[in-house]
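Novice:
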Amino acid sequence: MKWEKLGQIFDFDKSPFKKRFVSHAQSPQALVFDDFVRIYFSTRKKEDNELFISHVQFIDTSKDFKKIVNYSENEVISLGNLGCFDEHGIFPINPVRIKDKIYAYTSGWARRDSVAIDTGIGLTVSNDNGNTFKRIGEGPVLSATLHEPFLILDGFVRKFNDVFYMFYIFGKKWTKETKQDKSERVYKIGYATSIDGINWVKANKSIIEDKIDENECQALPSVIKIRERYHMYFCYRSMLGFRKDKTKAYRLGYAYSDDLINWIRDDNNFVFKEQPSAWDHNMMCYPNVFKLNSEVYLLYNGNDFGKHGFGLARLENI
Amino acid sequence: MFKWKKIRHIFNPTTIENRPIWMNEFAQAPNTLIFENFVRVYFSCRPRRLKNGQFTTHSTFLDLDIKDLTKIIYISNKPVLKLGKKGCFDEFGTYPFSPIKTNDRFLAFYAGWTRCVSVPFDIAIGICESKDAKVYKKLGDGPVLSASLNEPFTISSPKIRKFNDMYYLFYVSGSKWNLINNRKEMALKIRAAKSVDGFNWTRFDKNIIEDKLGLTESQASPDVIFKNGKYHMFFDYWSSESFRKTKYRTLGYAYSKDLINWTREDSKVGITVSQEKNAFDNEMIAYPHVFEIDKKIYMLYLGNEVGRYGFGLAKLEGELT
Numbered sequence: 019m020k021w022e023k024l025g026q027i028f029d030f031d032k033s034p035f036k037k038r039f040v041s042h043a044q045s046p047q048a049l050v051f052d053d054f055v056r057i058y059f060s061t062r063k064k065e066d067n068e069l070f071i072s073h074v075q076f077i078d079t080s081k082d083f084k085k086i087v088n089y090s091e092n093e094v095i096s097l098g099n100l101g102c103f104d105e106h107g108i109f110p111i112n113p114v115r116i117k118d119k120i121y122a123y124t125s126g127w128a129r130r131d132s133v134a135i136d137t138g139i140g141l142t143v144s145n146d147n148g149n150t151f152k153r154i155g156e157g158p159v160l161s162a163t164l165h166e167p168f169l170i171l172d173g174f175v176r177k178f179n180d181v182f183y184m185f186y187i188f189g190k191k192w193t194k195e196t197k198q199d200k201s202e203r204v205y206k207i208g209y210a211t212s213i214d215g216i217n218w219v220k221a222n223k224s225i226i227e228d229k230i231d232e233n234e235c236q237a238l239p240s241v242i243k244i245r246e247r248y249h250m251y252f253c254y255r256s257m258l259g260f261r262k263d264k265t266k267a268y269r270l271g272y273a274y275s276d277d278l279i280n281w282i283r284d285d286n287n288f289v290f291k292e293q294p295s296a297w298d299h300n301m302m303c304y305p306n307v308f309k310l311n312s313e314v315y316l317l318y319n320g321n322d323f324g325k326h327g328f329g330l331a332r333l334e335n336i
Numbered sequence: 091m092f093k094w095k096k097i098r099h100i101f102n103p104t105t106i107e108n109r110p111i112w113m114n115e116f117a118q119a120p121n122t123l124i125f126e127n128f129v130r131v132y133f134s135c136r137p138r139r140l141k142n143g144q145f146t147t148h149s150t151f152l153d154l155d156i157k158d159l160t161k162i163i164y165i166s167n168k169p170v171l172k173l174g175k176k177g178c179f180d181e182f183g184t185y186p187f188s189p190i191k192t193n194d195r196f197l198a199f200y201a202g203w204t205r206c207v208s209v210p211f212d213i214a215i216g217i218c219e220s221k222d223a224k225v226y227k228k229l230g231d232g233p234v235l236s237a238s239l240n241e242p243f244t245i246s247s248p249k250i251r252k253f254n255d256m257y258y259l260f261y262v263s264g265s266k267w268n269l270i271n272n273r274k275e276m277a278l279k280i281r282a283a284k285s286v287d288g289f290n291w292t293r294f295d296k297n298i299i300e301d302k303l304g305l306t307e308s309q310a311s312p313d314v315i316f317k318n319g320k321y322h323m324f325f326d327y328w329s330s331e332s333f334r335k336t337k338y339r340t341l342g343y344a345y346s347k348d349l350i351n352w353t354r355e356d357s358k359v360g361i362t363v364s365q366e367k368n369a370f371d372n373e374m375i376a377y378p379h380v381f382e383i384d385k386k387i388y389m390l391y392l393g394n395e396v397g398r399y400g401f402g403l404a405k406l407e408g409e410l411t
């Protein structure tokens with residue numbers, strides 16, 4: 019499958035968000051409206067203690083992605099209450115239309131003492147056409163279980179054949195090379211199913227085979243059905259060295275399935291026509307695939323985990 | 091009203107000579123398994139607090155002579171369960187610990203503690219198994235019951251039971267952390283879930299015991315026994331608002347015909363703090379566990395400072411009706 023790069027379509031540093039936030043526009047996720055495409059993302063504020071907190075915001079673009087026609091000026095989702103799973107940030111957010119409502123699955127972050135964070139997946143609903151969202155409960159709808167002990171996040175939900183599927187990631191271990199290092203995490207892609215979108219049954223397995231090694235970190239699964247086949251886009255990286263060494267940094271991966279259960283990894287069949295450009299030559303991550311009219315598009319972040327914004331690609335021939 | 095006769099303060103960890111570091115103080119949350127010749131009592135201890143006030147909790151056991159429950163015949167010198175791995179829900183504590191015998195093994199549900207940044211801790215419930223009831227092995231690195239939509243944190247105080255071929259887990263969950271006198275405190279409420287296999291749980295998703303002290307009432311140790319045609323629950327409760335000042339924590343009682351609908355009737359509980367000046371339980375009694383031996387009903391319970399100096403034993407005079 020060949021993709022045509024349409025370039026960086028949102029530059030944080032040139033955006034009005036720069037006045038209210040410090041940096042980043044991570045994990046762009048699209049929701050198509052009649053006259054525009056809304057792209058939600060997570061941007062950052064800095065707290066007094068110098069730590070970052072992710073907040074959800076959005077832009078509306080024209081359907082040719084050439085013009086930003088509107089953007090959020092207020093809070094889209096509040097942070098969770100004291101002690102809740104989403105107290106210290108929401109990143110990413112996955113919007114989805116279910117019947118006549120807009121829901122969003124959130125990945126909530128809460129700080130921990132011995133490791134940096136733990137996370138869970140929450141559910142919010144919008145009563146104002148996607149401008150703001152309210153959580154349907156204080157706790158998560160998907161959290162740690164016996165064989166997925168921590169770091170449940172990156173939920174991506176779609177309804178296929180009358181069943182809700184959630185693709186998400188779960189933590190395998192926290193580990194470090196030397197005593198002085200900070201603990202780093204290893205996480206894999208899994209899935210769960212649900213009849214109502216609220217109560218989920220986990221499959222309890224890693225569904226995408228590793229390419230680098232057993233410590234490969236896989237994130238942000240995004241799935242689309244094209245004809246009778248399901249296509250998954252995700253990102254993956256090495257456990258260590260991924261921040262500075264571009265050979266270990268996030269890049270995009272691909273897998274396909276005909277039954278949503280068994281996935282065949284096929285990164286070689288995921289090709290960009292163009293060479294890497296200045297904004298995405300070190301890293302590509304956090305993909306979000308969606309249909310608009312009869313085209314298939316892919317939003318993604320470039321260098322520095324989306325510090326500077328996001329870009330778009332279009333599938334050349336379906 | 092039930093009539094409980096306090097027998098005596100049967101275990102005080104702080105008086106044990108050459109005890110392990112992790113058994114320095116506290117013997118919390120007694121829960122029993124009954125064997126032919128002895129009653130095994132599981133409980134949870136703490137080493138000295140670190141300078142920053144943090145501590146870990148470790149569960150262990152002792153055995154009481156079944157013919158004379160005031161007689162300790164064995165005290166284990168190691169924890170029944172290891173602390174969790176890095177980043178896991180039970181990295182800093184395993185307390186309380188509630189065992190049950192199944193056809194081919196012993197299972198136990200325990201509360202695992204992790205440390206947070208904005209609040210002191212979070213808690214979720216794990217599961218472990220044992221062949222000998224002495225050493226337990228976790229069945230996974232993660233919890234079997236953790237935060238959910240309407241139970242956002244501190245899923246704790248498990249009590250596992252099996253009635254009519256169905257497992258029931260009584261536990262508590264928090265719903266809101268409040269800032270009270272510059273301390274972060276929360277109200278815990280008794281909840282329940284049921285399961286066919288002990289692994290996949292359906293939550294009742296509601297508070298099953300009505301409040302007596304209002305929204306800031308905390309409840310714990312929902313200990314259920316079936317006797318004379320109904321289910322009896324002994325638990326403890328306190329005001330999360332005034333607890334640090336009053337230290338008052340005492341026992342409540344509720345009964346049910348169906349395990350779902352509970353009627354609270356604290357006036358029946360029939361046991362309270364001691365009046366004696368030096369008694370180990372003259373400020374509070376907490377964390378009840380009720381069990382039956384030879385048709386006699388007994389209760390283990392914690393004394394002052396939530397069991398810092400261990401637990402006592404009481405015997406019911408008359409019937410649980």
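Top line first, the protein sequences correspond to chains H and X. Sequence positions in the first sequence follow our numbering and run 19 to 336. Sequence positions in the second sequence follow our numbering and run 91 to 411. Virtual Cβ for every residue (Gly too), placed ideally from N, Cα, C. Note that this is a predicted model, so its numbers are computed, not measured.
Mapping the DSSP letters down to three states, classify Arg341(H) as helix, strand or coil.
Specialist: Residue 341(H) lies beyond the range of chain H shown here (19 to 336); nothing can be said about it.
Novice: Which chain H residues sit within Cβ distance under 8 Å of Ser236(X)?
Specialist: Locating residue 236(X) in the second sequence gives position 146, where the first residue counts as 1. Within 8 Å Cβ-Cβ: Ser161, Ala162 and Thr163.
Novice: Considering only residues of the same chain and omitting the five flanking positions on each side of Leu278(H), which have a CB-CB separation below 7 Å?
Specialist: Walking along the first sequence from the start, residue 278(H) turns up at place 260. Answer for Leu278(H): Phe178, Tyr183 and Tyr248, listed in chain order.
Novice: Using a Cβ-Cβ distance cut-off of 8 Å, determine whether Ile116(H) contacts chain X.
Specialist: Taking the first residue of the first sequence as 1, we reach residue 116(H) at position 98. False, the Cβ-Cβ gap to chain X never drops below 8 Å.
Novice: Roughly how many whole angstroms lie between the Cα atoms of Ile116(H) and Leu49(H)?
Specialist: Here residue 116(H) refers to the residue found at position 98 when the first sequence is read from its first residue. Here residue 49(H) refers to the residue found at position 31 when the first sequence is read from its first residue. Roughly 12 Å between the two C-alpha positions.
Novice: Checking the sheet assignment: what are the DSSP bridge partners for Pro113(H)?
Specialist: Within the first sequence, residue 113(H) is the residue found at index 95, counting from 1. Beta-bridge pairing links Pro113(H) to Ala122(H).
Novice: Please name the residue, chosen from Tyr226(X), Phe199(X), Trp203(X) and Met276(X), that lies closest to Ala283(X) on a Cα-to-Cα basis.
Specialist: As a working mapping, residue 283(X) is identified with position 193 in the second sequence. Minimum Cα distance to Ala283(X) is reached at Phe199(X).
Novice: For Ile215(X), which residues of its own chain have a beta-carbon under 8 Å away from its beta-carbon, when the five flanking residues on both sides are left out?
Specialist: Position 125 of the second sequence, counting from 1, holds the residue named residue 215(X). If we look at Ile215(X) and ignore the five residues flanking it on each side, its Cβ neighbours are Phe199, Tyr200, Ala201, Gly202, Pro233, Val234, Leu235, Ser236, Ile245, Ser246, Pro248, Leu259 and Tyr261.
Novice: Could you work out which residue in Thr184(X), Ile280(X) and Pro210(X) is closest to Ser170(X) when comparing CA atoms only?
Specialist: Counted from its first residue, the second sequence places residue 170(X) at position 80. It should be noted that the sequence gives Val, not Ser, for residue 170(X). The residue with the shortest Cα to Cα distance from Val170(X) is Thr184(X).
Novice: What is the DSSP secondary structure of Ile216(H), reduced to helix, strand or coil?
Specialist: Start at 1 with the first residue of the first sequence, and residue 216(H) comes out as number 198. If DSSP states are grouped into helix, strand and coil, Ile216(H) belongs with coil.
Novice: Got a sec: is the Cβ-Cβ distance from Phe182(H) to anything in chain X below 8 Å?
Specialist: Counting from 1 along the first sequence, the entry for residue 182(H) is found at position 164. Chain X contact via Cβ: absent.
Novice: Specify, as a first and last residue, the run of the alpha helix (DSSP H) that Arg396(X) falls within.
Specialist: Working through the second sequence from its first residue, we reach residue 396(X) at position 306. Residue identity check: residue 396(X) is Val in the sequence provided, not Arg. Residues Asn394 to Gly397.
Novice: Suppose the cutoff is 7 Å on Cβ atoms and the five residues either side in sequence are ignored; what does the same chain contact list for Val131(X) look like?
Specialist: Here residue 131(X) is taken as the residue at index 41 of the second sequence, counted from 1. Closer than 7 Å at the Cβ level, and outside the excluded window around Val131(X), lie Pro120, Thr122, Phe151, Leu152, Leu154 and Leu390.
Novice: From Ile207(H) to Tyr186(H), what distance separates their C-alpha atoms?
Specialist: For the purposes of this step, residue 207(H) is taken as the residue at position 189 of the first sequence. For the purposes of this step, residue 186(H) is taken as the residue at position 168 of the first sequence. Distance between the alpha carbons of Ile207(H) and Tyr186(H): 6 Å.
Novice: With burial defined as no fewer than 16 other Cβ atoms inside 10 Å of the residue's Cβ, what is the status of His42(H): buried or exposed?
Specialist: To locate residue 42(H), count along the first sequence from 1; it is residue 24. Burial call: buried.
Novice: Do you know offhand how far Gly126(H)'s Cα is from Asn99(H)'s?
Specialist: Mapped onto the first sequence, residue 126(H) falls at position 108. Mapped onto the first sequence, residue 99(H) falls at position 81. So the two alpha carbons sit approximately 11 Å from each other.
Novice: Can you tell me whether DSSP reads Ile375(X) as helix, strand or coil?
Specialist: For this step, residue 375(X) is matched to residue 285 along the second sequence. Coil.
Novice: Chain X partners of Arg129(H), CB-CB under 9 Å?
Specialist: Your numbering for residue 129(H) matches position 111 in the first sequence. Correct list: Cys206, Val207 and Ser208.
Novice: Name, in chain order, the residues that DSSP records as bridge partners for Asp78(H).
Specialist: As a position in the first sequence, residue 78(H) is number 60, starting the count at 1. Asp78(H) is bridged to Arg56(H) and Asn88(H).
Novice: Alpha carbon to alpha carbon, how far is Arg56(H) from Arg129(H)?
Specialist: Within the first sequence, residue 56(H) is the residue found at index 38, counting from 1. Within the first sequence, residue 129(H) is the residue found at index 111, counting from 1. Taking the straight line joining both Cα atoms gives about 30 Å.
Novice: Report yes or no: do the stretch 95-111 of chain X and the stretch 320-335 of chain H share at least 3 C-beta pairs separated by less than 8 Å?
Specialist: no
Novice: Determine the DSSP secondary structure at Ile187(H), reduced to helix, strand or coil.
Specialist: Within the first sequence, the letter at position 169 stands for residue 187(H). Assigned with DSSP and collapsed to three states, Ile187(H) falls in strand.
Novice: Tell me which residues share the same chain as Tyr321(X) and place their Cβ nearer than 6 Å to its Cβ, disregarding the 5 neighbours each side in the sequence.
Specialist: Here residue 321(X) refers to the residue found at position 231 of the second sequence. The answer, listed in chain order, is Val314, Ser346 and Leu349.
Novice: With DSSP as the reference, label Lys223(H) as helix, strand or coil.
Specialist: Residue numbering aside, residue 223(H) sits at position 205 when the first sequence is read from its first letter. Note: Lys223(H) maps to coil in three-state DSSP.
Novice: Using 8 Å as the Cβ pair cut-off and three pairs as the minimum, do the stretch 300-309 of chain X and the stretch 362-381 of chain X touch?
Specialist: no
Novice: For the structure I just gave you, are there three or more beta carbon pairs, one from the stretch 310-327 of chain H and one from the stretch 285-292 of chain H, closer than 8 Å?
Specialist: Too few Cβ pairs lie closer than 8 Å, so no.
Novice: In this structure, what does DSSP give as the bridge partners for Ala128(H)?
Specialist: Here residue 128(H) refers to the residue found at position 110 when the first sequence is read from its first residue. DSSP, once it has assigned bridges, lists Asp136(H) as partnering Ala128(H).
Novice: Could you check whether the stretch 144-162 of chain H touches the stretch 82-98 of chain H, counting it as contact only if at least three pairs of C-beta atoms, one from each stretch, sit closer than 8 Å?
Specialist: yes
Novice: At the 8 Å Cβ level, is Trp192(H) part of the contact set with chain X, yes or no?
Specialist: Locating residue 192(H) in the first sequence gives position 174, counting from the first residue. Yes, Trp192(H) lies at the interface with chain X (some Cβ there is under 8 Å from its Cβ).
Novice: With respect to the alpha helix (DSSP H) encompassing Gly2(H), which residues constitute its N-terminal and C-terminal limits?
Specialist: Limits of chain H in this structure are 19 at one end and 336 at the other, which puts residue 2(H) out of reach.
Novice: Can you give me, in chain order, the residues of the stretch 98-109 of chain H that have a beta carbon less than 9 Å from any beta carbon in chain X?
Specialist: Gly98, Asn99, Leu100, Gly101, Cys102, Phe103, Glu105 and His106
Novice: If we require 3 or more residues per run, which beta strand (DSSP E) segments fall completely within the stretch 226-283 of chain X?
Specialist: Counting only runs of 3 or more, we get 243-253 and 256-270.
Novice: Give me the Cα-Cα distance between Asn272(X) and Asn240(X), rounded to the nearest whole angstrom.
Specialist: Within the second sequence, the letter at position 182 stands for residue 272(X). Within the second sequence, the letter at position 150 stands for residue 240(X). Rounded to whole angstroms, Asn272(X) to Asn240(X) spans 26 Å at the Cα level.
Novice: Is the CB of Glu22(H) under 8 Å away from at least one CB in chain X?
Specialist: Here residue 22(H) refers to the residue found at position 4 of the first sequence. So, not an interface residue.
Novice: What distance in whole Å lies between the Cβ atoms of Ile170(H) and Thr137(H), which are believed to be in contact at a cut-off of 8 Å?
Specialist: Along the first sequence, one-based indexing puts residue 137(H) at 119. Along the first sequence, one-based indexing puts residue 170(H) at 152. The pair is a contact, with the Cβ atoms about 6 Å apart (cut-off 8 Å).
Novice: Output, in chain order, the set of chain X residues within a Cβ distance shorter than 8 Å of Ile216(H).
Specialist: Sequence index remark: in the first sequence, residue 216(H) carries index 198 (1-based). Neighbours of Ile216(H) on chain X, chain order: Leu239.
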